[in-house]
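Trainee: Residue numbers (my numbering), protein chains in the order written: chain R, 10 to 512; chain H, 310 to 680.
Just so you know, even glycine gets a beta-carbon here, dropped at the ideal spot from N, CA and C.
Quantities reported herein were computed from a predicted structural model and do not represent experimental measurements.
This is the structure:
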């Protein structure tokens, strides 16, 4: 169906695609995996005509085609869904889908006809999208299906999906995969760009692995394993399983009693949550996203308005229920936020400036001077960069210039600098390369072993079960159970996560 | 190097503006080289051209800085105009009340002073008044935003009307010299005069209106730079502007920063009084501001909200104002409106780039889907 032959693409000094060959068989789901910056997206953008290759050729249905623009690609039956959706929120589904390909005459768009066609397509693939609903009323998962419809409406036979599951909850991922399988059944070809190995194994027929702009392997999914793919991606053996000793838990550091947080925007709030975290242990919180995890961490970090909170939070015996964020930091509570772009970083600030956020007013300037100690900040930033292997190791770069994994390492390094007694950490490895995941996990375990209490929230079941010493399950804002991560099964947690009773 | 890169786009915008302006001049029927020669020649010759250019640039440095500081905190201060009016009146009031009795050219007393303070006390007091009153007026919309979430663009515009009307009222009914047909207060005492540069720098003719206020403006640029990039307060202001959620996460009270930034912004706008009241007119003159507050937005935009950029942009705008007068008077067909055309094109080009980046960038308008 699609073949990239000897494609090379340079961006300035960077060789994004180095003489790569990718062949996608018709009627299959083909995964392209690799770490961030491996060149997967570049390759597919070339196939879609977003970029033009410096050399090499693109074959569609066995014939060499000039794909100079997305228009050419669409004409040859190629569609692409980007990681960030290109939808106009205030317009309806149908209006969004016909945008740029409006049926009817130039003056009068035949929206009714379009809506009918869209409904037919939606039914054919069981997408259950209502053409007349405004996009802003749809969930993220539904919006993604609108993007799929957009491509299908333009008669795409090959769909390229760039990190399609990054924004989806586990259930939405399941639904989404079911849709992809139906598409394959109907004879469509799908290329899915991802770095999540479990998904590759679950959905694809073939895998192409990329690293540093090169194709380093092509395997049949049925004949490979997560370990092999990880090794190909990273170029060395990777420990997918966390190695840690038995926790030596001390006294209670954090104690939460009857914590209730009224419903925030898009969340479920918290209802009567009670638990404790002891020094030297990692307590995990598992649950489907949007069940109160965000509210839990933000409330403990002091970021929820006091009027929304009832119940009591104690830190080392001191009542901090209504303490301000700054006060909590001074007490020794560090926080790695779930959304590093929204909460964790000042993207336009340089790494040095980012390395002092939250601590900027006391250290490294020990004096009471209002002036920033630029030298001290710089040397401290260099320390974080060195200890946490942040690349590129240049404190003058804006945080925006870093990959997700390196941004996350910078945040974690910054929070570790506080020498916290309690670390609140949410989604520590979301959108992070496999190599960096291993690194972050090791650091978290090391922090635990140094006697810090850690509260870990993650949507990755694998992550919480392997890191946590005790595991709480949250559902609809309540803690519905505690399980021992060493003996529990994914089925047991999964049942609790979705509101089922424990067997 | 970094500075050069930052300056590149504004310079290109200015060059393009002159190019397009040149075409306009041709269409009107004049020779663009002559017109530009006139414009730049009149504005950049020593001593009169440069003296006046710096004089015109001074208030724009203050308002440009005012807008830039607010912008660094993520706020669009459209209220510099109102802030400078209120501050200018208050400054004049201090100069009148503490400046002793003033006599006019016929020896008739026209001042209403309570006491006579020496210049050494009165000038600092008057400058302090300009800053404090401007800051207070600026803090109002800041507080309204922090407390109630009222958008500062709306509140600052509204406060502009209130400010202008309020000072007009006081001027008309309380502080005008009896029988004076002009809407202006009685003059401030001589102790409240900020000297012209020519008064103590040999080689600069004293007829030139550029005053010590220009030096104060340079100092203000330096202070704003130090404040924003070298202090913890500036860090908090910029963090709030760059990403309020992350600032909160870092334990910064964004509400406090909003009020603080608006107060600093208002204080800087109020410093226009040093140039216009203390340094030039020596009284409050109703409607004295040639839209300094609004032009300050353009200056800040062109100057990339950086003190150095603001300074250079204000010099450019000062040049255009000075040169425009001569173009108006001495060119065949072209009027000083050409200057506004040039300003408009500069802003258009700079704004067109700003559409693609910055906190008010296009993603604010054409929102990507929620992730």
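In this structure, how does DSSP classify residue 24 of chain R when only helix, strand and coil are distinguished?
Mentor: Strand at residue 24 of chain R.
Trainee: What separation, rounded to the nearest whole angstrom, lies between the Cα atoms of residue 186 of chain R and residue 164 of chain R?
Mentor: 20 Å
Trainee: Can you confirm whether the region 544-561 of chain H touches the region 356-375 of chain R when touching is taken to mean that 3 or more C-beta pairs between the two stretches lie within less than 8 Å?
Mentor: Under the 8 Å Cβ criterion, the region 356-375 of chain R counts as touching the region 544-561 of chain H, having at least three qualifying pairs.
Trainee: Check whether the region 79-95 of chain R and the region 153-160 of chain R are in contact - that is, three or more C-beta pairs closer than 8 Å.
Mentor: yes
Trainee: Indicate the three-state DSSP secondary structure (helix, strand or coil) for residue 489 of chain H in the structure shown.
Mentor: coil
Trainee: Residues of chain H with CB under 7 Å from residue 346 of chain R, in chain order?
Mentor: 558
Trainee: Exposed or buried, which one is residue 63 of chain R when buried takes at least 16 other CB atoms within 10 Å?
Mentor: exposed
Trainee: Do residue 358 of chain H and residue 613 of chain H come within 8 Å of each other at the CB atom, strictly closer than that value?
Mentor: no
Trainee: From what residue to what residue does the alpha helix (DSSP H) around residue 344 of chain R run?
Mentor: No alpha helix (DSSP H) contains residue 344 of chain R, which is instead part of the beta strand (DSSP E) from 342-345.
Trainee: Under 6 Å Cβ to Cβ from residue 463 of chain R, same chain only, skipping five residues before and after it: list those, please.
Mentor: Same-chain partners within the cutoff: 291, 432, 457.
Trainee: May I have the straight-line CA-CA distance separating residue 20 of chain R from residue 48 of chain R, to the nearest angstrom?
Mentor: 11 Å
Trainee: Considering Cα atoms alone, identify which of H/456, H/583, H/388 is closest to residue 433 of chain H.
Mentor: Distance check between residue 433 of chain H and each of H/456, H/583, H/388 places H/583 closest, using alpha-carbon atoms only.
Trainee: Could you pull out every residue in the same chain whose Cβ sits closer than 8 Å to the Cβ of residue 423 of chain H, ignoring the five residues on either side in sequence?
Mentor: 406, 407
Trainee: Can residue 432 of chain H be considered in contact with the ligand ADP, in the sense that its beta carbon sits closer than 7 Å to one or more heavy atoms?
Mentor: You won't find the ligand ADP in this model; it holds no ligand whatsoever.
Trainee: Flag residue 379 of chain R as yes if its beta-carbon sits less than 8 Å from any beta-carbon of chain H, otherwise no.
Mentor: yes
Trainee: Rounded to a whole number of angstroms, what is the C-alpha to C-alpha distance between residue 36 of chain R and residue 102 of chain R?
Mentor: Looking at the two C-alpha atoms, the distance is approximately 27 Å.
Trainee: Check whether the Cβ of residue 540 of chain H lies closer than 8 Å to any Cβ atom in chain R.
Mentor: yes
Trainee: How is residue 57 of chain R classed by DSSP in three states: helix, strand or coil?
Mentor: coil
Trainee: Looking only at C-alpha atoms, which of R/128, R/220, R/117 sits nearest to residue 25 of chain R?
Mentor: R/220
Trainee: For chain R, is any of its Cβ atoms less than 8 Å away from the one on residue 614 of chain H?
Mentor: no
Trainee: Chain R partners of residue 361 of chain H, CB-CB under 8 Å?
Mentor: Per Cβ cutoff of 8 Å: no residues; residue 361 of chain H is ~38 Å from chain R at best.
Trainee: Decide if residue 531 of chain H is buried, meaning its Cβ has at least 16 other Cβ atoms within 10 Å, or exposed.
Mentor: exposed
Trainee: Would you give the residue range spanned by the alpha helix (DSSP H) that residue 351 of chain H belongs to?
Mentor: 341-352
Trainee: Let me check understanding here. Comparing Cα to Cα, which of R/33, R/466, R/223, R/100 lies closest to residue 213 of chain R?
Mentor: R/33
Trainee: If you measure beta-carbon to beta-carbon, which residues of the region 552-585 of chain H are closer than 7 Å to chain R?
Mentor: For the region 552-585 of chain H, the residues whose beta carbon sits under 7 Å from a beta carbon of chain R are, in order, 552, 554, 555, 557, 558, 559, 560.
Trainee: For residue 207 of chain R and residue 312 of chain R, what's the separation of their Cα atoms in angstroms?
Mentor: 34 Å
Trainee: From the DSSP output, which residues share a beta bridge with residue 417 of chain H?
Mentor: Paired residues: none, contrary to the question.
Trainee: Is the number of C-beta pairs between the region 215-234 of chain R and the region 404-422 of chain R that are closer than 8 Å three or more?
Mentor: no
Trainee: When you compare only the Cα positions, how much space is there between residue 54 of chain R and residue 60 of chain R?
Mentor: 6 Å
Trainee: Compare the C-beta of residue 341 of chain R with all C-beta atoms of chain H and state if any pair is closer than 8 Å.
Mentor: no
Trainee: According to DSSP, is residue 436 of chain R part of a helix, a strand, or is it coil?
Mentor: coil
Trainee: Decide if residue 41 of chain R is buried, meaning its Cβ has at least 16 other Cβ atoms within 10 Å, or exposed.
Mentor: buried
Trainee: For chain R, is any of its Cβ atoms less than 8 Å away from the one on residue 594 of chain H?
Mentor: no
Trainee: Looking at chain R, which residues of the region 363-383 of chain H have a Cβ within less than 8 Å of any of its Cβ atoms?
Mentor: none
Trainee: Can you grab the Cα-Cα spacing for the pair residue 485 of chain R / residue 328 of chain R, in whole Å?
Mentor: 26 Å
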